[in-house]
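Chemist: First residue of the sequence shown? That's 1 in UniProt numbering, and the numbers climb one at a time after it. Just so you know, even glycine gets a beta-carbon here, dropped at the ideal spot from N, CA and C. I'd like to ask you about the structure that follows.
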Amino acid sequence: MSESLARTPEQPSADGEVSSARFWNAAQGGKDNYERDRAAVEAVEKIAPGITADARSARQFLRRTVRWAAAEAGVAQYLDLGAGLPLEPDIHQIVRRYRPDARVLYVDNDPVVLAHQSAYQDPPLSSYIDADMRDTDVIMNHVADRFDLTEPVMLTFSSVLGHFSDEEAHGVVGRLLAHLAPGSCLMLSHDIPTPSIIAACEVYSSAPGALPYQPRTIEQLLRFFEGMDIVDPGLVPLFEWRPDEETEITEIMGYGAIGRIRA
Ligand SMILES: C[S@@+](CC[C@H](N)C(=O)[O-])C[C@H]1O[C@@H](n2cnc3c(N)ncnc32)[C@H](O)[C@@H]1O
């Protein structure tokens, strides 16, 4: 595995290149993307039919998990790492239905997302910061300004951690969790290394400017939740996690779970 799979902040996606945020937005059926992003999605879909359904499914999972956190677990503070492009309903719009006082902080480091950040800005309840999530001290300074760290926070890593090596991904998750109160939640969704996904990641990663993405096994994903309680139904295919009427059953399956810090 490479030392660092993620682009450094000094190497933003240049004009003419595919961006992770735009690629994923195109795969999810969003409108904030260019022809080159849609072409990259088509190329991946040819190799791994169902990858666009997988992308939509990941967004549906994100929506269900934050709804569960706000409605059933009473969490009122959300930190979304690698937020990507806004695609309504976004987290602040969902959680506010159950917790009108909820605070949401979105983080990304792609200039493309920065250009669309106004959809995330609804101060003081929702805001966006342009930061590399590996700079956890910078992120925690922003978090401390906006959140009450004696109360639970939910971290969401939706289709993001595959951009990082094990060392980086565990470092980011561990450093952020270390600041959080009991009852706080870690949500992650991630692709697993089936033959289709491996082929899809190879095609995607070869597109100019693409941030390489590596799938992880279920055992590797479980390591992120060590020492936490995993919320029912556990680490499962995304569509098996508390499905609702919007949930698509997909052939290519990401996996996802929520862990909670014990009281
Ligand atoms: C595949 S997209 C997922 C977007 C969104 N979370 C979703 O589920 O729709 C990955 C996102 O992570 C962001 N990202 C990648 N590396 C990052 C880093 N080092 N710091 C902050 N964001 C990063 C990308 O810019 C992109 O928006």
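(1) Leaving out five residues before and five after Phe225 in sequence, what residues of the same chain have Cβ atoms less than 8 Å from its Cβ?
(2) Would you identify the three-state DSSP class for Ala69, choosing helix, strand or coil?
(3) Among Phe164, His190, Pro182, whose alpha-carbon lies nearest the alpha-carbon of Val75?
(4) Within the same chain, show all residues whose beta-carbon is closer than 8 Å to that of Glu248, passing over the 5 residues directly before and after it, in chain order.
(5) Over what stretch of residues does the alpha helix (DSSP H) that includes Leu177 continue unbroken?
(6) Out of Asp80, Pro89, Asn141, which one is the CA nearest neighbour of Val104?
(7) For the region 127-134 against the region 108-119, are there 3 or more C-beta pairs whose distance is under 8 Å?
(8) Within 10 angstroms of its Cβ, does Asp244 collect 16 or more other Cβ (buried), or is it exposed?
(9) For Met228 and Ser184, I'd like the C-alpha separation in whole angstroms.
(10) According to DSSP, is Ile47 helix, strand or coil?
(11) Among Arg262, Leu85, Ala48, Phe147, whose alpha-carbon lies nearest the alpha-carbon of Gly29?
(12) What three-state label does DSSP hand Met154 in the structure shown?
(13) Could you tell me whether the Cβ atoms of Ala69 and Met133 are closer together than 8 Å?
(14) Which residues have a Cβ closer than 6 Å to any heavy atom of ligand 1, listed in chain order?
(15) If you draw a straight line from the alpha carbon of Leu149 to that of Pro123, how long is it in whole angstroms?
(16) What is the rounded straight-line gap between the Cα of Ala115 and the Cα of Pro49?
(17) Which partner residues does Gln77 have in the DSSP bridge list?
(18) CA-CA distance, Gly254 and Val172?
(19) Which of the three DSSP states, helix, strand or coil, is assigned to Asp244?
(20) In terms of DSSP beta bridges, what is Leu180 paired with?
(21) Under 6 Å Cβ to Cβ from Tyr204, same chain only, skipping five residues before and after it: list those, please.
(22) Which term fits Gln121, buried or exposed, when burial requires 16 or more other beta carbons within 10 angstroms of its beta carbon?
(23) Would you decide whether Asn33 is buried or exposed? Buried here means 16 or more other CB atoms lie within 10 Å of its CB.
(24) For Val236, which of helix, strand or coil comes out of DSSP?
Modeler: The relevant details are as follows:
(1) Locating residue 225 in the sequence shown gives position 225, where the first residue counts as 1. Result list for Phe225: Leu186, Leu235, Ala257, Gly259, in chain order.
(2) Against the sequence shown, residue 69 aligns to sequence position 69. In the structure shown, the three-state DSSP call for Ala69 is helix.
(3) One-based indexing of the sequence shown puts residue 75 at position 75. Ranked by how close their Cα comes to the Cα of Val75, the residues Phe164, His190, Pro182 have Pro182 in first place.
(4) For the purposes of this step, residue 248 is taken as the residue at position 248 of the sequence shown. Result list for Glu248: Ala53, Arg56, Ser57, Gln60, Phe239, in chain order.
(5) Numbered from 1 along the sequence shown, position 177 holds the residue referred to as residue 177. Here the alpha helix (DSSP H) through Leu177 covers 166-177.
(6) For the purposes of this step, residue 104 is taken as residue 104 along the sequence shown, with counting starting at 1. Comparing alpha carbon positions, the residue from Asp80, Pro89, Asn141 closest to Val104 is Asp80.
(7) Segments in contact, yes.
(8) Along the sequence shown, read from residue 1 onward, the residue named residue 244 stands at position 244. Exposed is the call here.
(9) What you label residue 228 is simply residue 228 of the sequence shown in a count that begins at 1. What you label residue 184 is simply residue 184 of the sequence shown in a count that begins at 1. Distance between Met228 and Ser184, taken at the CA atoms: about 10 Å.
(10) Start at 1 with the first residue of the sequence shown, and residue 47 comes out as number 47. Ile47 falls in the helix class under three-state DSSP.
(11) Within the sequence shown, residue 29 is the residue found at index 29, counting from 1. Considering only alpha carbons, the answer is Leu85.
(12) Against the sequence shown, residue 154 aligns to sequence position 154. Strand at Met154.
(13) Working through the sequence shown from its first residue, we reach residue 69 at position 69. Working through the sequence shown from its first residue, we reach residue 133 at position 133. It is not a contact, given that the beta carbons lie outside the stated cut-off.
(14) Residues close to ligand 1 by the beta carbon criterion (under 6 Å to any non-hydrogen atom) are, from first to last along the chain, Ala6, Ser20, Ala21, Trp24, Ala58, Arg59, Leu62, Gly82, Ala83, Gly84, Val107, Asp108, Asn109, Asp110, Val113, Asp132, Met133, Arg134, Ser158, Ser159, Val160, His163, Leu211.
(15) If you number the sequence shown from 1, residue 149 lands on position 149. If you number the sequence shown from 1, residue 123 lands on position 123. Rounded to the nearest angstrom, the two C-alpha atoms are 19 Å apart.
(16) Against the sequence shown, residue 115 aligns to sequence position 115. Against the sequence shown, residue 49 aligns to sequence position 49. Taken atom to atom, the span from the alpha-carbon of Ala115 to that of Pro49 is near 31 Å.
(17) Within the sequence shown, residue 77 is the residue found at index 77, counting from 1. Answer is Arg103, bridged to Gln77.
(18) On the sequence shown, position 254 is the one that residue 254 refers to. On the sequence shown, position 172 is the one that residue 172 refers to. Each residue's alpha carbon lies about 21 Å from the other.
(19) Start at 1 with the first residue of the sequence shown, and residue 244 comes out as number 244. Coil, per DSSP.
(20) Position 180 of the sequence shown holds residue 180. Residue pairing for Leu180: DSSP places it in no beta bridge.
(21) Working through the sequence shown from its first residue, we reach residue 204 at position 204. Hits under 6 Å: Val44, Ala210.
(22) Within the sequence shown, the letter at position 121 stands for residue 121. Here Gln121 is exposed, its C-beta having fewer than 16 other C-beta atoms within 10 Å.
(23) Mapped onto the sequence shown, residue 33 falls at position 33. Label assigned to Asn33: buried.
(24) For this step, residue 236 is matched to residue 236 along the sequence shown. The answer is strand: DSSP assigns Val236 an E or B state.
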